[in-house]
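Numbering (full-length UniProt numbering), first residue to last: 1 to 265. Inspection log for the structure reproduced underneath, given as C-alpha coordinates.
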(Lines of atoms letter the chains of each structure in order from A and count residues from 1; the text may use other names and numbers.)
(Lines give C-alpha, C1' and ligand atoms only; values in the text may rest on other atoms or scores of the structure.)
Protein backbone atom coordinates (compact mmCIF):
# COMPACT_ATOMS: atom_id res chain seq x y z
CA UNK A 1 0.00 0.00 0.00
CA UNK A 2 1.49 3.31 -1.05
CA UNK A 3 1.71 5.89 1.74
CA UNK A 4 0.09 9.26 1.15
CA UNK A 5 2.67 12.06 0.91
CA UNK A 6 2.83 14.38 3.91
CA UNK A 7 0.60 17.45 3.44
CA UNK A 8 -1.49 15.90 0.66
CA UNK A 9 -5.25 16.47 0.91
CA UNK A 10 -7.24 13.26 1.53
CA UNK A 11 -9.66 12.27 -1.20
CA UNK A 12 -12.85 10.26 -0.98
CA UNK A 13 -14.18 8.53 -4.07
CA UNK A 14 -11.85 10.58 -6.30
CA UNK A 15 -13.50 13.85 -5.24
CA UNK A 16 -11.25 16.66 -4.00
CA UNK A 17 -12.17 18.56 -0.84
CA UNK A 18 -14.19 21.70 -1.69
CA UNK A 19 -14.00 25.13 -0.12
CA UNK A 20 -16.89 26.03 2.17
CA UNK A 21 -19.70 27.90 0.46
CA UNK A 22 -22.39 30.27 1.55
CA UNK A 23 -25.88 30.91 0.27
CA UNK A 24 -25.79 31.74 -3.43
CA UNK A 25 -23.07 29.13 -4.07
CA UNK A 26 -20.12 31.49 -3.54
CA UNK A 27 -16.95 30.84 -1.58
CA UNK A 28 -17.29 32.34 1.90
CA UNK A 29 -13.79 33.75 2.13
CA UNK A 30 -13.62 35.67 -1.15
CA UNK A 31 -16.76 36.95 -2.90
CA UNK A 32 -16.31 36.93 -6.68
CA UNK A 33 -15.30 40.33 -8.01
CA UNK A 34 -17.80 40.28 -10.88
CA UNK A 35 -20.74 39.75 -8.54
CA UNK A 36 -19.48 42.35 -6.10
CA UNK A 37 -19.17 44.86 -8.93
CA UNK A 38 -22.73 44.10 -10.00
CA UNK A 39 -23.95 44.76 -6.46
CA UNK A 40 -21.88 47.94 -6.36
CA UNK A 41 -23.44 49.21 -9.60
CA UNK A 42 -26.90 48.45 -8.23
CA UNK A 43 -26.14 50.36 -5.03
CA UNK A 44 -24.77 53.32 -6.98
CA UNK A 45 -28.08 53.55 -8.85
CA UNK A 46 -29.93 53.42 -5.53
CA UNK A 47 -27.73 56.22 -4.19
CA UNK A 48 -28.25 58.30 -7.33
CA UNK A 49 -32.04 57.96 -7.22
CA UNK A 50 -32.52 58.22 -3.45
CA UNK A 51 -32.27 61.37 -1.39
CA UNK A 52 -29.60 62.00 1.26
CA UNK A 53 -30.07 59.90 4.38
CA UNK A 54 -32.25 57.24 2.72
CA UNK A 55 -32.18 53.79 4.31
CA UNK A 56 -31.06 50.78 2.25
CA UNK A 57 -32.70 47.38 2.24
CA UNK A 58 -31.10 44.86 4.60
CA UNK A 59 -28.14 42.77 3.45
CA UNK A 60 -30.37 39.69 3.46
CA UNK A 61 -33.00 41.35 1.26
CA UNK A 62 -30.38 42.73 -1.14
CA UNK A 63 -28.74 39.31 -1.41
CA UNK A 64 -32.08 37.68 -2.24
CA UNK A 65 -33.00 40.41 -4.73
CA UNK A 66 -29.68 40.24 -6.59
CA UNK A 67 -29.08 36.48 -6.29
CA UNK A 68 -25.77 36.78 -4.47
CA UNK A 69 -24.47 35.96 -1.02
CA UNK A 70 -24.57 38.28 1.98
CA UNK A 71 -20.73 38.48 2.12
CA UNK A 72 -20.80 39.80 -1.46
CA UNK A 73 -23.37 42.45 -0.51
CA UNK A 74 -21.38 43.32 2.60
CA UNK A 75 -18.16 43.72 0.60
CA UNK A 76 -19.84 46.13 -1.82
CA UNK A 77 -21.37 48.14 1.03
CA UNK A 78 -17.98 48.27 2.80
CA UNK A 79 -16.39 49.70 -0.33
CA UNK A 80 -19.02 52.43 -0.72
CA UNK A 81 -18.85 53.21 2.99
CA UNK A 82 -15.10 53.79 2.74
CA UNK A 83 -15.67 56.28 -0.08
CA UNK A 84 -18.29 58.14 1.95
CA UNK A 85 -21.28 57.35 -0.28
CA UNK A 86 -22.92 55.19 2.39
CA UNK A 87 -22.92 55.38 6.18
CA UNK A 88 -23.64 52.66 8.72
CA UNK A 89 -25.58 53.54 11.85
CA UNK A 90 -25.29 51.07 14.70
CA UNK A 91 -28.58 49.38 15.42
CA UNK A 92 -30.35 51.13 12.52
CA UNK A 93 -28.80 49.92 9.26
CA UNK A 94 -27.09 51.44 6.22
CA UNK A 95 -28.06 54.79 4.72
CA UNK A 96 -27.07 57.01 1.83
CA UNK A 97 -24.81 59.78 3.07
CA UNK A 98 -26.53 62.89 4.44
CA UNK A 99 -26.22 66.06 2.42
CA UNK A 100 -23.00 67.89 3.25
CA UNK A 101 -23.11 71.23 5.02
CA UNK A 102 -21.77 73.79 2.56
CA UNK A 103 -20.11 77.10 3.35
CA UNK A 104 -18.80 79.56 0.80
CA UNK A 105 -15.18 80.59 1.26
CA UNK A 106 -15.41 84.37 1.02
CA UNK A 107 -12.62 86.87 0.37
CA UNK A 108 -14.61 89.97 1.22
CA UNK A 109 -15.79 91.39 4.52
CA UNK A 110 -18.95 89.31 4.80
CA UNK A 111 -18.78 85.57 5.45
CA UNK A 112 -21.94 83.76 4.28
CA UNK A 113 -23.52 81.62 7.02
CA UNK A 114 -23.18 77.87 6.67
CA UNK A 115 -26.26 75.82 5.88
CA UNK A 116 -28.50 74.23 8.50
CA UNK A 117 -29.50 75.05 12.08
CA UNK A 118 -26.32 75.38 14.17
CA UNK A 119 -26.12 74.84 17.93
CA UNK A 120 -23.20 74.20 20.29
CA UNK A 121 -22.33 72.27 23.44
CA UNK A 122 -19.52 73.66 25.59
CA UNK A 123 -17.26 70.85 26.87
CA UNK A 124 -14.44 72.99 28.33
CA UNK A 125 -14.40 76.56 29.68
CA UNK A 126 -11.27 77.66 31.56
CA UNK A 127 -9.11 80.73 32.15
CA UNK A 128 -5.35 80.35 32.55
CA UNK A 129 -2.17 82.40 32.03
CA UNK A 130 -0.97 82.39 28.44
CA UNK A 131 2.15 80.38 27.74
CA UNK A 132 4.79 82.12 25.66
CA UNK A 133 3.78 80.41 22.39
CA UNK A 134 0.07 81.23 22.77
CA UNK A 135 0.87 84.78 23.89
CA UNK A 136 2.87 85.21 20.70
CA UNK A 137 -0.08 84.12 18.58
CA UNK A 138 -2.52 86.37 20.44
CA UNK A 139 0.01 89.24 20.48
CA UNK A 140 -0.26 89.67 24.25
CA UNK A 141 2.20 89.39 27.13
CA UNK A 142 3.07 85.93 28.48
CA UNK A 143 1.00 85.26 31.59
CA UNK A 144 -1.97 87.27 30.32
CA UNK A 145 -5.20 85.55 31.43
CA UNK A 146 -6.64 83.76 28.41
CA UNK A 147 -10.09 82.22 28.14
CA UNK A 148 -10.03 78.84 26.43
CA UNK A 149 -13.26 77.27 25.26
CA UNK A 150 -13.92 73.97 23.53
CA UNK A 151 -17.35 73.34 22.09
CA UNK A 152 -18.93 70.73 19.85
CA UNK A 153 -20.87 72.28 16.97
CA UNK A 154 -24.07 70.61 15.77
CA UNK A 155 -26.09 71.03 12.59
CA UNK A 156 -29.68 69.85 12.94
CA UNK A 157 -28.64 67.95 16.12
CA UNK A 158 -25.79 66.05 14.42
CA UNK A 159 -22.19 66.68 15.59
CA UNK A 160 -20.25 68.32 12.76
CA UNK A 161 -17.25 70.07 14.31
CA UNK A 162 -15.12 70.59 17.41
CA UNK A 163 -14.11 74.22 17.92
CA UNK A 164 -11.38 75.37 20.33
CA UNK A 165 -11.22 79.12 20.97
CA UNK A 166 -8.60 81.17 22.79
CA UNK A 167 -8.99 84.90 23.48
CA UNK A 168 -7.77 87.38 26.10
CA UNK A 169 -10.15 87.07 29.05
CA UNK A 170 -10.20 90.87 29.49
CA UNK A 171 -12.13 91.20 26.21
CA UNK A 172 -15.14 89.23 27.47
CA UNK A 173 -15.64 89.88 31.20
CA UNK A 174 -18.53 87.91 32.63
CA UNK A 175 -18.96 85.68 29.59
CA UNK A 176 -20.86 82.51 30.55
CA UNK A 177 -20.64 79.07 28.87
CA UNK A 178 -24.36 79.07 28.10
CA UNK A 179 -23.90 82.17 25.92
CA UNK A 180 -21.68 80.14 23.59
CA UNK A 181 -24.23 77.38 23.04
CA UNK A 182 -26.70 79.40 20.98
CA UNK A 183 -26.48 82.28 18.56
CA UNK A 184 -23.53 83.78 16.69
CA UNK A 185 -20.25 84.33 18.53
CA UNK A 186 -19.21 87.37 16.49
CA UNK A 187 -22.62 88.95 17.02
CA UNK A 188 -22.19 88.33 20.75
CA UNK A 189 -18.80 90.05 20.68
CA UNK A 190 -20.28 93.03 18.88
CA UNK A 191 -23.53 93.47 20.78
CA UNK A 192 -22.42 92.64 24.33
CA UNK A 193 -18.73 93.52 24.41
CA UNK A 194 -18.47 96.20 21.73
CA UNK A 195 -15.92 94.27 19.66
CA UNK A 196 -16.40 94.43 15.89
CA UNK A 197 -14.35 91.82 14.04
CA UNK A 198 -12.97 92.97 10.70
CA UNK A 199 -10.76 90.33 9.13
CA UNK A 200 -9.14 86.97 9.69
CA UNK A 201 -6.43 84.74 8.29
CA UNK A 202 -7.64 81.17 7.91
CA UNK A 203 -5.80 77.99 6.93
CA UNK A 204 -7.40 74.68 5.99
CA UNK A 205 -5.71 71.30 5.76
CA UNK A 206 -6.79 67.65 5.72
CA UNK A 207 -6.32 65.45 8.77
CA UNK A 208 -7.77 62.39 10.49
CA UNK A 209 -9.49 62.04 13.86
CA UNK A 210 -7.76 60.99 17.04
CA UNK A 211 -9.72 58.93 19.60
CA UNK A 212 -10.94 61.97 21.58
CA UNK A 213 -12.16 63.76 18.45
CA UNK A 214 -13.81 60.62 17.13
CA UNK A 215 -15.75 60.19 20.38
CA UNK A 216 -17.07 63.77 20.37
CA UNK A 217 -17.98 63.65 16.67
CA UNK A 218 -19.45 60.13 16.95
CA UNK A 219 -17.37 58.80 14.05
CA UNK A 220 -14.54 56.29 13.64
CA UNK A 221 -10.95 56.92 14.67
CA UNK A 222 -8.81 58.01 11.68
CA UNK A 223 -11.89 59.28 9.84
CA UNK A 224 -11.13 62.17 7.44
CA UNK A 225 -11.58 65.69 8.82
CA UNK A 226 -10.77 69.26 7.84
CA UNK A 227 -8.51 71.11 10.27
CA UNK A 228 -9.23 74.85 10.16
CA UNK A 229 -7.21 77.48 12.02
CA UNK A 230 -8.34 81.12 12.12
CA UNK A 231 -6.77 84.25 13.64
CA UNK A 232 -9.31 87.08 13.85
CA UNK A 233 -8.72 90.82 14.34
CA UNK A 234 -11.07 93.67 15.17
CA UNK A 235 -11.38 97.06 13.46
CA UNK A 236 -8.34 98.38 15.39
CA UNK A 237 -6.12 95.52 14.19
CA UNK A 238 -6.07 93.85 17.62
CA UNK A 239 -6.12 90.04 17.76
CA UNK A 240 -9.38 89.02 19.42
CA UNK A 241 -9.56 85.30 18.75
CA UNK A 242 -7.53 82.24 17.80
CA UNK A 243 -9.69 79.30 16.78
CA UNK A 244 -8.64 75.77 15.90
CA UNK A 245 -11.44 73.59 14.61
CA UNK A 246 -11.92 70.16 13.09
CA UNK A 247 -14.85 69.49 10.76
CA UNK A 248 -16.11 66.10 9.64
CA UNK A 249 -14.92 65.40 6.12
CA UNK A 250 -18.03 63.39 5.31
CA UNK A 251 -20.44 66.16 6.33
CA UNK A 252 -18.77 69.48 5.56
CA UNK A 253 -17.39 71.14 2.47
CA UNK A 254 -16.16 74.60 1.57
CA UNK A 255 -16.71 76.24 -1.81
CA UNK A 256 -15.03 79.32 -3.23
CA UNK A 257 -15.53 81.69 -6.14
CA UNK A 258 -12.51 82.46 -8.30
CA UNK A 259 -11.98 85.58 -10.41
CA UNK A 260 -9.57 85.57 -13.33
CA UNK A 261 -7.85 88.35 -15.19
CA UNK A 262 -5.31 88.56 -17.99
CA UNK A 263 -2.48 87.70 -15.60
CA UNK A 264 -4.11 84.54 -14.23
CA UNK A 265 -2.17 81.34 -14.82
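Note that beta-carbon positions come from the ideal geometry of N, C-alpha and C, so glycine has one too. These numbers come from a predicted model, not from an experiment.
Asked                                                                                                                        : Found
Residue ranges of each alpha helix (DSSP H) within the UniProt domain "HTH gntR-type" (29–99), 4 or longer                   : 33–49, 59–66 and 70–82
CB contact flag (residue 223, residue 201, <8 Å)                                                                             : no
Cβ-Cβ distance between residue 177 and residue 125 below 8 Å                                                                 : yes
Status (buried if at least 16 other CB within 10 Å, exposed otherwise) for residue 163                                       : buried
Residue 34, buried or exposed, once every other Cβ within 10 Å from all chains shown has been counted against 16             : exposed
Endpoints, the beta strand (DSSP E) within which residue 226 is located                                                      : 224–234
Neighbourhood of residue 107 by C-beta distance below 6 Å, restricted to the same chain and skipping five residues each side : At residue 107, the pLDDT of 46 sits below 50, so the modelled position is not reliable and the matter cannot be decided from this model.
Residue 241 (DSSP reduced to helix, strand or coil)                                                                          : strand
For residue 341, three-class secondary structure by DSSP                                                                     : The requested residue 341 is not part of the displayed model; the chain covers only 1 to 265.
Bridge partner(s) assigned by DSSP for residue 144                                                                           : Answer is none; residue 144 lacks a bridge partner.
Which listed residue (221, 165, 212 and 218) has its alpha carbon closest to that of residue 271                             : Because the chain is modelled from 1 through 265, residue 271 falls outside the range shown and cannot be assessed.
For residue 134, the first and last residue of its enclosing alpha helix (DSSP H)                                            : 132–138
Straight-line Cα distance separating residue 232 from residue 193                                                            : 16 Å
Residue 168 in three-state terms, based on DSSP                                                                              : strand
Inter-residue spacing [alpha-carbon to alpha-carbon] between residue 245 and residue 98                                      : 21 Å
8 Å contact criterion, which residue 75 and residue 41 should meet: CB distance rounded                                      : Actually they do not touch by this definition, with Cβ atoms about 14 Å apart.
Residues bridged to residue 126 (per DSSP)                                                                                   : 148
Buried versus exposed, by CB contacts within 10 Å (16 or more), residue 123                                                  : exposed
Whole-angstrom C-beta distance between residue 146 and residue 138, which should lie under 8 Å                               : 7 Å
Cα-Cα separation, residue 237 to residue 47                                                                                  : 48 Å
Given residue 117 as reference, the closest of 91, 181 and 93 once Cα atoms are compared                                     : 181
With 16 other Cβ atoms within 10 Å as the buried cut-off, status of residue 71                                               : buried
Beta bridge counterpart(s) of residue 156 as assigned by DSSP                                                                : None; residue 156 has no bridge partner.
Residue 180 - containing alpha helix (DSSP H), residue span                                                                  : It is not in any alpha helix (DSSP H) - residue 180 carries neither H nor E in the DSSP assignment.
Whether residue 204 touches residue 254 by CB criterion (8 Å)                                                                : yes
Between the CA atoms of residue 55 and residue 242 - distance to the nearest angstrom                                        : 40 Å
Contacting residues, own chain, Cβ-Cβ under 8 Å from residue 216 (five flanking each side not counted)                       : 123, 152, 159 and 162
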